[in-house]
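Protein chains in written order, with our numbering: chain V, 41 to 381; chain H, 41 to 381.
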């Protein structure tokens, strides 16, 4: 019997990163219709950083959360609607309560891979409201398989009904995925999933590795639409899974049509793997750092790539932008010392 | 000890397909310099279909073979220069003789995967001239591992000093590569190589699979520059090989610089995986058919993707464009019959 895989499609959420959260009403409508036609089981929508994240600091959405959820709900019937929820950005009282009212089906509650405990109340709230709650572990390459399992178990104990690990920096090779997903699939009673990024050209094969190691949930984004080097390209994923005999329930021709619609409507140029994306993947550093790193490189006269590797050595995570200056200053000092001989 | 991999870079040859063979003198100069600086061991140059192929039929080059070889030779010092040679396009008397005089180091002599015997005289000539001759088996997914080995052995017996199999349709998944390269590496006394295309997002991991199965030569093209979904992206390959402890001798930062130079000079938009590329990979059909297939689809009112799958079933190879019409007509007839009930 064919192995069944549940595909979650974050095109209208992770893809928002690629356009500074400016996806238009027309884009939401066009893509929800296309995904629904292709029988994509779950469509994730919202600001790149999820519900309640629109702000001066991380970027303001052109649409409110309320608008996005209403527009998407109107065009998703068979497909379930999911949102990304980061405690800290997303409050329970203001945001989650309203999201429940607006008909969100699946709440994907994400934390840094070693901070699962801040997801406790959010997961609880969603379950109490009778909705589906998943736990998402971001930047998962920064934790060992054993630590990931511990963190995932916390989320499971709070009521999470699935765990998805994200390769936020696109740092994994297939063996890394096999090891981590294998550990989670063995140690958890709930389904396990994988969300890839393509910095090292591995997003699709990493997803295959995840399934072979026991994952049953895979994220894929049309045309790879997403930040930096992009996410796992959904239509390629569907083709490869079909070839391997994994059943996604998604119609191949219709998902190829969805790619054409995305190209015409909101994604004229597909993401590609830039030199800095590669460095970001190798260093295991969030590619969202690219812009401040480039600025610091110019200010201090050092190589942006050295800054990335320096950040990787210091295990920098999102929010630690101040580390960029610190690393750049160190590199500039070393360079000056070397020049003096 | 680190495993040593010999990288051949067909950017200035396979990439020519992506720009209808219009790569300019400036592009050749800029990229030869960049590749040389990055210590790329072998740089392949020329018309997309190789020496002597420029013609009305397959596309006219903006530069003559003579120009290309002279310009490239002038800017390649440590890096060796290679050319792609298809007997039929490339004659011994006119083309190969002159290529030897102009200082080509490596002659990569390619045939369809089941027609190695037409490479006999070309390989012989190159060896007699004291130059290096490799045998290239194109569209290699169309032969079983055993047949590929037979064909490769013929080339070896003619004097080929290496065998490279090409995944011309981007049809392989890693296990396919493992099986074929493993068979060749076991059965041949000469080095074995792999040339990937990215139709199913597998080019980099297929190259890794090739090395793990015994290949020591891998082709990679900057920014994946090549026909359709593109070739194996060279700078990603170098990064991943470095991470895996395979030694390419290529400088990572300098090859990343080369990608920036390519972007600015001749490749503003990197190749991406289009819906038709995916179908081409799944069907195992040369993606160069895309345009005539689109035309036939319009003429006969049928789906281009159905034509591709139809061509795949008939094992269509380049040059058999007439099959496209045949398949399109069949599909149209079936459609008409179905409409009648």
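Even for Gly, the Cβ is constructed at its ideal location relative to N, Cα and C.
query                                                                                                                          : result
Listed by chain order, chain V residues near residue 161/H by CB distance under 8 Å                                            : Chain V residues near residue 161/H: none, gap ~39 Å exceeds 8 Å.
Below-9 Å beta-carbon distance, residue 333/V vs any chain H residue                                                           : no
Secondary structure, alpha helix (DSSP H): runs of 4+ residues fully inside the region 179-265 of chain V                      : 185-198, 214-227 and 243-252
Per DSSP, cross-strand counterpart(s) of residue 271/H                                                                         : 237/H
Chain-ordered chain V contacts of residue 214/H [CB-CB under 9 Å]                                                              : 214, 245 and 248
Where residue 357/V sits in the DSSP three-state scheme                                                                        : coil
Run of the beta strand (DSSP E) containing residue 148/H, from where it starts to where it stops                               : 146-152
Sheet register partners of residue 177/H (DSSP bridge)                                                                         : 151/H and 205/H
CB of residue 232/V within 9 Å of CB of residue 284/V, strictly                                                                : no
Partners in chain H for residue 275/V, counting only beta-carbon separations shorter than 7 Å                                  : 315 and 318
Pairwise C-alpha distance: residue 253/V and residue 199/H                                                                     : 45 Å
Within 9 Å, strictly: CB atoms of residue 323/H and residue 209/H                                                              : yes
DSSP beta-bridge partners of residue 47/H                                                                                      : 258/H
Same chain only: Cβ atoms within 7 Å of residue 81/V, ignoring 5 sequence neighbours per side                                  : 46, 47, 119, 120 and 289
Under 7 Å (Cβ pairs) to chain H, residues found in the region 281-294 of chain V                                               : 283 and 293
Exposure of residue 125/V, with buried meaning 16 or more beta-carbon neighbours within 10 Å                                   : buried
Boundaries (first-last residue) of the alpha helix (DSSP H) holding residue 166/V                                              : 160-168
Nonlocal neighbours in the same chain, by C-beta distance under 7 Å from residue 132/H, ignoring five residues either side     : 161, 162 and 165
Candidates 182/V, 92/V and 196/V: closest to residue 220/V by CA position                                                      : 182/V
Residues sharing a beta bridge with residue 126/H, DSSP                                                                        : Residue 126/H is not bridged to any residue.
CB contact check: residue 55/V to chain H, cutoff 9 Å                                                                          : no
Residue nearest to residue 296/H in terms of C-alpha spacing, selected from 316/V, 73/V and 67/V                               : 316/V
Between the CA atoms of residue 175/H and residue 364/H - distance to the nearest angstrom                                     : 29 Å
Closer than 8 Å at the beta carbon, the chain H residues around residue 345/V                                                  : 293 and 296
Residues of its chain near residue 136/V, where Cβ-Cβ distance is below 6 Å and the 5 sequence neighbours each way are ignored : 165
Short Cβ contact (9 Å threshold) for residue 263/H with residue 312/V                                                          : yes
Chain H contact for residue 182/V (CB, 9 Å cutoff)                                                                             : no
For residue 359/V and residue 97/V, the rounded distance between their alpha carbons                                           : 10 Å
Three-state class that DSSP yields for residue 94/H in the structure shown                                                     : coil
is_contact[residue 299/H, chain V] using C-beta, thresh 9 Å                                                                    : yes
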